[in-house]
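>
In UniProt numbering, the protein residues as written are 1 to 145.
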């Protein structure tokens, strides 16, 4: 039989561990919510950028069509307009490439954060049962993690 002093200590220790497990679960849920919010924000920013680029491309196509439809105009003016359009198209392509790189970098950063958080949570979850079994460390060991 256990002495009367050890039994309340064990009950208190178990209650403390249960509170810490609940706290870890809550933190994990908060992390997932934060990740989802970041993903939604980045997706929305990407959609806005893509929409503006599509509009620019549409405007370029419309401006390209207008000189071709005009029956009058000097060849020199047409050449200048074509050069301007080529420059504008190059600028749009460069901007699209930059946005794609930015999107990929942000996605990679989110993936790294997710992996780091997942790894940290796994370490905490592995440490928790081991410390409960050994009876060593208690709540202070979890805080040190």
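Beta carbons: idealized from backbone N, C-alpha and C, even for Gly. If you're wondering where the values come from, they're calculated on a predicted model, not measured in any experiment.
(1) Could you compute how far the alpha carbon of residue 7 sits from the alpha carbon of residue 16?
(2) For residue 25, I'd like the list of residues in its chain whose CB is within less than 6 Å of its CB, leaving aside the five on either flank, ordered along the chain.
(3) Alpha carbon to alpha carbon, how far is residue 94 from residue 84? Give it in angstroms, no decimals.
(4) Just how far apart, CA to CA, sit residue 31 and residue 9?
(5) Taking only beta-carbon atoms, is residue 111 less than 9 Å away from chain D?
The short version:
(1) What you label residue 7 is simply residue 7 of the chain shown in a count that begins at 1. What you label residue 16 is simply residue 16 of the chain shown in a count that begins at 1. Going from the Cα of residue 7 to the Cα of residue 16 covers about 14 Å.
(2) Against the chain shown, residue 25 aligns to sequence position 25. Nothing listed; no residue qualifies.
(3) In the chain shown, counting from the first residue as 1, residue 84 sits at position 84. In the chain shown, counting from the first residue as 1, residue 94 sits at position 94. The alpha-carbon atoms of residue 84 and residue 94 are separated by roughly 15 Å.
(4) Against the chain shown, residue 31 aligns to sequence position 31. Against the chain shown, residue 9 aligns to sequence position 9. Straight-line Cα distance between these residues: approximately 33 Å.
(5) Checking the listed chains, one finds no chain D in this structure; it contains a single protein chain.
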